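Note that UniProt numbering has the sequence shown beginning at 1, numbered continuously upward. All C-beta atoms, glycine included, are put in the ideal place defined by N, C-alpha and C. Note that this is a predicted model, so its numbers are computed, not measured.
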Amino acid sequence: MENPSWHNIHPDFRFNGAPLVFGDLSELGYSLTKEGAPFETPLGEFLLDWASDTSTLEVNTSGSTGKPKKITLKKEQMVNSALATGAYFQLRPKQTALLCLPSTGIAGKMMLVRAMVLGLHLDVVEPSSTPLDNNGKDYDFVAMVPMQAKKSLDQLHRVNTLIVGGATVDVTLKNQLGLLPTKVYETYGMTETITHIAVKEIAPEPQDYFETLPGISVTTDERGCLVINAPKISEEKVITNDLVELVTENRFKWLGRFDSIINSGGIKLVPEAIEEKLSTIIKTRFFVAGIPDETLGRQLVLVVEAKPETRGEDQLLNQIKALKTLSKYEVPKKVFVVNAFSETSTKKIDRSKTLASIIF
Numbered sequence: 001m002e003n004p005s006w007h008n009i010h011p012d013f014r015f016n017g018a019p020l021v022f023g024d025l026s027e028l029g030y031s032l033t034k035e036g037a038p039f040e041t042p043l044g045e046f047l048l049d050w051a052s053d054t055s056t057l058e059v060n061t062s063g064s065t066g067k068p069k070k071i072t073l074k075k076e077q078m079v080n081s082a083l084a085t086g087a088y089f090q091l092r093p094k095q096t097a098l099l100c101l102p103s104t105g106i107a108g109k110m111m112l113v114r115a116m117v118l119g120l121h122l123d124v125v126e127p128s129s130t131p132l133d134n135n136g137k138d139y140d141f142v143a144m145v146p147m148q149a150k151k152s153l154d155q156l157h158r159v160n161t162l163i164v165g166g167a168t169v170d171v172t173l174k175n176q177l178g179l180l181p182t183k184v185y186e187t188y189g190m191t192e193t194i195t196h197i198a199v200k201e202i203a204p205e206p207q208d209y210f211e212t213l214p215g216i217s218v219t220t221d222e223r224g225c226l227v228i229n230a231p232k233i234s235e236e237k238v239i240t241n242d243l244v245e246l247v248t249e250n251r252f253k254w255l256g257r258f259d260s261i262i263n264s265g266g267i268k269l270v271p272e273a274i275e276e277k278l279s280t281i282i283k284t285r286f287f288v289a290g291i292p293d294e295t296l297g298r299q300l301v302l303v304v305e306a307k308p309e310t311r312g313e314d315q316l317l318n319q320i321k322a323l324k325t326l327s328k329y330e331v332p333k334k335v336f337v338v339n340a341f342s343e344t345s346t347k348k349i350d351r352s353k354t355l356a357s358i359i360f
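Rendered as structure tokens:
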């Protein structure tokens, strides 16, 4: 009887320099859970899951757009996702990769799966804001969140291909990445689609649209939201709440979240579009949101993360009003400054919790 697809570990796979076959995964997983550093524990648990005969495993969603929940994924679909990524980026056996994301989330887990399936030489380091500080090696393929990319700009020349996901890449960071020799792509995806199903080139040739990976096509529903058809990684079409402008069945421009639209006095505002414009003048983390208002129904506000000594709400508001790209409706009515944002378990901004701490 033929082995299940997830049992087929590529013979060139290396984990921190050590060659591993399928039979080694349980031993490594057990060792990491019992004797590894705290960040290695979830990695060990995942390896034990992967080495079992069970064809599915449970993963947690990030909670960045709703309450975190457990969903079940098929291991075979995770293998198919890894193969699609390998085909798009033309990854080859023995190429080097770095896992610097938390293994609690799907993004970290899939870096390991890609390495096992494609035969990559994977180094695993403790997740931090400056993951390339840990060694001086060059890497062919690395995945980071925007904060890591921002704090690693002076070292990213050591990376051939970088994918950035987990949060929106702001205009300032895109411009900074465009100055590097590294090929950089912003990713689009979610836990339900086993990480990215589409990527958008940031550097060296920035694109306005996302392009789907092989075997994946997209349409829109009556709301203008993206519908993903990816038969090899999801048995059902994935209906999202992401407003998009469809270019072709394989290309789309992301506009914002349907469920984050703010209806302010009858004017529909898309927070993500406003945030992209504001990112040209705000250099710390921030977001815009709607809070209850007796007259408008919802009032547009800006929430900025900054140290107490650097606060300057009035000055910032004046800068925003001077922005030519903003319509008068897109100018926030109030600016709130907080010392630190609440975060999800995967270090994304928890907008709801942060906002609740301000207005209640």
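Taken atom to atom, the span from the alpha-carbon of residue 40 to that of residue 256 is near 35 Å. For the set 75, 336 and 343, the Cα lying nearest the Cα of residue 299 is the one of 336. Residue 181 is positioned such that its CB atom lies closer than 8 Å to that of residue 157. Burial is judged here by how many other beta carbons sit within 10 angstroms of a residue's own beta carbon; residue 319 has fewer than 16 and is exposed. Taken through DSSP and simplified to helix, strand or coil, residue 217 comes out as strand.
Pairing residue 110 with residue 355, the inter-Cα distance amounts to about 32 Å.
In the three-state reduction of the DSSP assignment, residue 150 falls in the helix class, which pools H, G and I. Taking C-beta separations shorter than 7 Å and ignoring five residues to either side along the sequence, the partners of residue 129 in its chain run 147, 148 and 151, following chain order. Residue 88: member of the alpha helix (DSSP H) spanning 75-89, first to last residue. Taking residue 73 as the centre and dropping the five residues before and after it, the same chain places the C-beta of 56, 57, 59 and 194 closer than 7 Å to its C-beta, in chain order. Distance between residue 6 and residue 75, taken at the CA atoms: about 6 Å. Of the residues assessed, residue 264 falls on the buried side of the cut-off, its CB having 16 or more other CB atoms within 10 angstroms. Secondary structure note for residue 287: it is in no alpha helix (DSSP H), and the uninterrupted beta strand (DSSP E) holding it is 286-293. Of the residues 105, 223 and 115, the one whose Cα lies closest to the Cα of residue 79 is 115.
The continuous stretches of alpha helix (DSSP H) do not include residue 23, and DSSP gives it neither H nor E. In the displayed model, residue 5 falls within a helix according to three-state DSSP. Here DSSP, grouped into helix, strand and coil, assigns residue 46 to helix.
In this structure, the CA atom of residue 303 is about 36 Å from the CA atom of residue 230. Where residue 274 is concerned, the enclosing alpha helix (DSSP H) starts and stops at 271-278. Each of 330, 95, 170 and 341 was checked against the Cα of residue 306, and the nearest Cα belongs to 341. Counting along the chain, residue 239 sits inside no alpha helix (DSSP H); it lies in the beta strand (DSSP E) bounded by residues 238-248.
DSSP places residue 318 inside the alpha helix (DSSP H), whose first and last residues are 313-321. The three-state reading of DSSP puts residue 161 in strand, counting E and B together.
At a Cβ-Cβ threshold of 8 Å, residue 139 and residue 98 count as neighbours.
Residue 19 and residue 351 have their alpha carbons spaced roughly 42 Å apart. With contacts defined as CB atoms closer than 8 Å, residue 176 and residue 153 qualify as a contacting pair. If the five residues before and after residue 163 are omitted, its C-beta is found closer than 6 Å to the C-beta atoms of 143, 185 and 187, all from its own chain and listed in chain order. Contact check for residue 44 against residue 32 passes: the beta carbons are separated by less than 8 Å. Ranking 38, 71, 69 and 26 by CA distance to the CA of residue 51 puts 26 first.
For the pair of segments examined, the segment 87-98 was found not to touch the segment 238-250: the number of CB pairs separated by less than 8 Å stays below three. Here residue 351 carries a helix assignment [DSSP, helix/strand/coil].
Inter-residue distance for residue 23 and residue 120 is about 18 Å (C-alpha atoms, whole angstroms). Within the same chain, 335 come within 6 Å of residue 317 by CB-CB distance, once the 5 residues on both sides are set aside. Judged by beta-carbon spacing, residue 217 lies beyond the 8 Å limit of residue 192, meaning their Cβ atoms are not closer than that value.
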